[in-house]
Each structure stands twice: as structure tokens, then as C-alpha cells.
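In UniProt numbering, the protein residues as written are 1 to 479.
First the structure, in the form of C-alpha cells, and then the observations on it.
Below, the structure is given as C-alpha cells:
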């Protein structure tokens, strides 16, 4: 093949699920070692595909949501299923049924917004269709609601938000109105219809209801019936044809396509599955528009979801920093040991293991009396960074600044403090208030604990400056 100066064009807009527009993501680094573990969500083995998928089910009328989910569990012969929010027995429409591993996303799906189409019956005639349309549009924003009598929950007053609502059609002869509403999770449409009747002064009740959207999935997004699920499983059992099962069940990554993405190196994947912090050196690519405390999805280079996380850095900070914690894990999705363990293989970690074997560090990797001073000065263990530690020996002018004097605590100074006579200003014990007595008692206990702690070692404070946007945070690391 002859070399060309023209760069090959990739149309990543057609790539599936979380890999869509992959080349549009910001590149932090391109250096990583691809591992053969894992697989593209659409190319998983059928057993894994079923266990990490969900069904966008068209719930039939009459059975409860719990019954429907139990039937799905029995048909697919899986251990665990969950759904995206209860529908009343008579209500039909979109019910997201999560299977096995995908049940880890149920909580986020239950709190997602919903859309409904319903029929309201008015008890008396009204002047015009426009009057009903105005009343429906009035009932938007934050509304007080009390659950209906038939609801299986405590009937407490609560606030729910209606984002948008509109009248679709009205039949004045039968006094039936069809309406569409987009609302917050947990909104009672039955209560909304009663309020609509009260607002019009004629009374009203809900006649029929259908959920047309749950979260990001609607009626047009691969919605299937119970019969489709049963037939797909029958085809696989009898004809070993898994194509129908793959059409009925969708990968869990489909539920996360609206989240901002963070692509990790293959070597960091298993560490995250075990709960490690999501550190910046493990990031390959990141998306534009990541905000602080926003829920994001952490993915592999093959497009598999590793976990949901809360962003601790914005896109701007990620692009300017070279270290630090990018996000805090909210919910791990991937099973442990899908990828091999790759932590503890770096030069520092290997050196630390050797020092533990030689007795230069204790069994937990912390410094002891044999630890070289150079290690104490150079090595920073981020697990010990709990906050700003201010040395007591520093002067007022230098407090809080990097390079301030180090605190040397030895047994002699502590003993001297212990026998220091009280100043004349100290009141006699009888005059002390309850608060002061407690404070004295606490200080005495802390002093006794410090004395019994054995030999005190000199603490050298290494100050670290973390640039978080425009703010500088100073953290003292005390090995």
C-alpha cells in the first residue's frame, strides 16, 4: 500500500452506543496497551449479552409491574430483574426491565423523567375546548400532590414538577379529552386529572393512561411485547438462533448514551471495578462540557460501561492538570476481573514491595524506624492526604504557606508541657462551666493517648499545591 498524505475519514457518527463520535472526544493521551479482555457490547457472548441487557417492554393492561417483571425473569431463566418505575395494573406502555447486571442502573432510571398520554373524563359539559386546553397548560411547574386512595404508599402531601402539558383532542359529546404530559418521576396523573376537574369547576377523573417515554427511551426505541420475549427465547432454545434475542434485549450502555463520557486505559479498568479512585493518569479521552458534580459514565476503549461517577474536575481542569482525582465512583457496573489486574506493577510500587520485604517499611507500606530519609521526602502516598495539616510550630506570618517550618514532637517537650503550672488567669475548678470541663477532659485524654503512643518520629511536611480552576488548595502530606 502506497503512503498517502490524506488522512482517512472515519464516520464515527454511525458508531454504536457509547462509541458514537469517538473521534470528537478530547485526547489526553494516546499511549496505552490494548488488552484482549472484554468485548464490544453488541459482540458479547449471548449469555453475557442477556445478563448485561434490558428490555424496553410494552406493558400489557391488567397485570401489575411486579408480575410482568417476574414473568420475564422466568422466561429468560435469570436470577435478578428490576424495572424503571411502577405502572398501575390498568396502565400500559413503556416499562424498562433491567436484567442481572443492568439492575445496577435501576435507581437512576426510576428517577428519570417520564411522558404520558392519558384520557380524562369530565363530569359536566364545559364552554369550549379552549377552556380545557388553558386549564391543562395552567397545571405546569411545581404542584402539590397527594397520592390517590388506591396507591400503595403513605398519603403524604408532596411536590412534583410538570415540565410540559398540552391538549391533543377533545370530544364534547362524550366529555372526553386526550392530553399529553411530560413530568418528573413519581407524579400521579390520576391526581392531576382530579385537579383538572376542580380547576374547571365540573369535576373530572382519569379514564385511561399510557406511558410513552421513560428516561431517554420512548415507544419508537425498540419497544417489544411479552410475546416477542417468549418467542425470542423459544427460537434460541429450539433452533439455537440468538438473533431474535439480540433484537429484543438491548445492551445496558444504551441507557447511558445521554451521559458525558470518560475513556479509561485498559490497565485501569479492573482497579476501578475494585473501587480505586479515578485518577487523571488513567484517562485517555474526555468529553466537552463536563461540569463539577455532574453524573458521568466511565467507559473502556471498546465502549463498555465501567461505572457511573460524579465529576470532581471540569473539562477545563482536566485539560490543564496532570494529576489528581477526576471523578468519584457512584455505582460500579462492570463485573470484577473482566479485565486482568494491572495495579502494583509500576516502578514506585515495585520499589515499595521490595522495601517491605527488606523491612524498610512496615507491612502496610508505611514508614518505620528503618525507612531512609530520602523515601520520606520523595514518596507521596495520596491515601494519607486527608486535608490541610497546619504545623503548630509555624509563626503567624507563615501559617498556611508552602515551605513553612516543620514540627518536631519529641517526648521531652510533651513532658514539659504536661508539668507546666497553670497560669494565674486560669479559674479554679469549681468555677469552670460544663463545656470547659468537657474540653479539659478531652484534652487530657488526647495527651495520654499521645504519651502512650511510644516513640514519636519527626514529621516532614511536603506541601502540595493543587490548582483547582482559579483556586489554589494547599495540602500537607505527612509521611
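From the three backbone atoms N, C-alpha and C, an ideal C-beta is built for every residue, glycine too.
Assignment of beta-bridge partners to residue 332 by DSSP yields 307. Counting the other CB atoms within 10 Å of its CB gives residue 65 a total of 16 or more, which places it among the buried residues.
Apart from sequence neighbours up to five positions away, the residues of its chain that approach residue 218 with a beta-carbon distance below 8 angstroms are 94, 115 and 212, ordered along the chain.
Inter-residue distance for residue 252 and residue 267 is about 23 angstroms (C-alpha atoms, whole angstroms). Residue 323 sits in coil when the DSSP states are folded into three classes, being neither helix nor strand. Note: residue 211 is bridge-paired with 93 and 116 in the DSSP secondary-structure output. Close CB contacts of residue 274 within its chain, under the 7 angstroms cut and outside five residues either way in sequence, are with 336 (chain order). Close CB contacts of residue 365 within its chain, under the 7 angstroms cut and outside five residues either way in sequence, are with 352 and 356 (chain order). Looking at the DSSP output, residue 264 bridges to 283. Counting only runs of 3+ residues, the beta strand (DSSP E) found wholly inside the region 224-265 occupies 260-264, in chain order. Counting along the chain, residue 126 sits inside no beta strand (DSSP E), nor does DSSP assign it H or E at all. Taking C-alpha positions only, residue 257 is separated from residue 18 by approximately 6 angstroms. Distance from the CA atom of residue 129 to the CA atom of residue 170, rounded to whole angstroms, is 6 angstroms. Here DSSP, grouped into helix, strand and coil, assigns residue 318 to helix. In the DSSP annotation of this structure, the continuous segment of the beta strand (DSSP E) that includes residue 58 starts and ends at 53-59.
Residue 178 has its alpha-carbon roughly 16 angstroms from the corresponding atom of residue 191.
Excluding five sequence positions before and after residue 46, the CB atoms of its chain that fall closer than 8 angstroms to its own CB belong to 236, 242, 245 and 246, given in chain order. Of the residues 70, 206 and 325, the one whose Cα lies closest to the Cα of residue 313 is 325. In the displayed model, residue 205 falls within a strand according to three-state DSSP. The residue from 124, 175, 255 and 265 with its alpha-carbon nearest to that of residue 99 is 255.
Out of 136, 375, 370 and 131, the CA that lies nearest to the CA of residue 349 is found in 375. Across the set 193, 185 and 154, the C-alpha of 193 shows the shortest separation from the C-alpha of residue 166.
Take the alpha-carbon of residue 340 and the one of residue 272: they are about 12 angstroms apart. Minimum Cα-Cα distance from residue 209 among the listed residues 124, 87, 301 and 305 corresponds to 87.
Exposure of residue 377 is indicated by the presence of fewer than 16 other C-beta atoms within 10 angstroms of its C-beta. Per DSSP, the beta bridge partners of residue 141 are 162. In the structure shown, the three-state DSSP call for residue 85 is coil.
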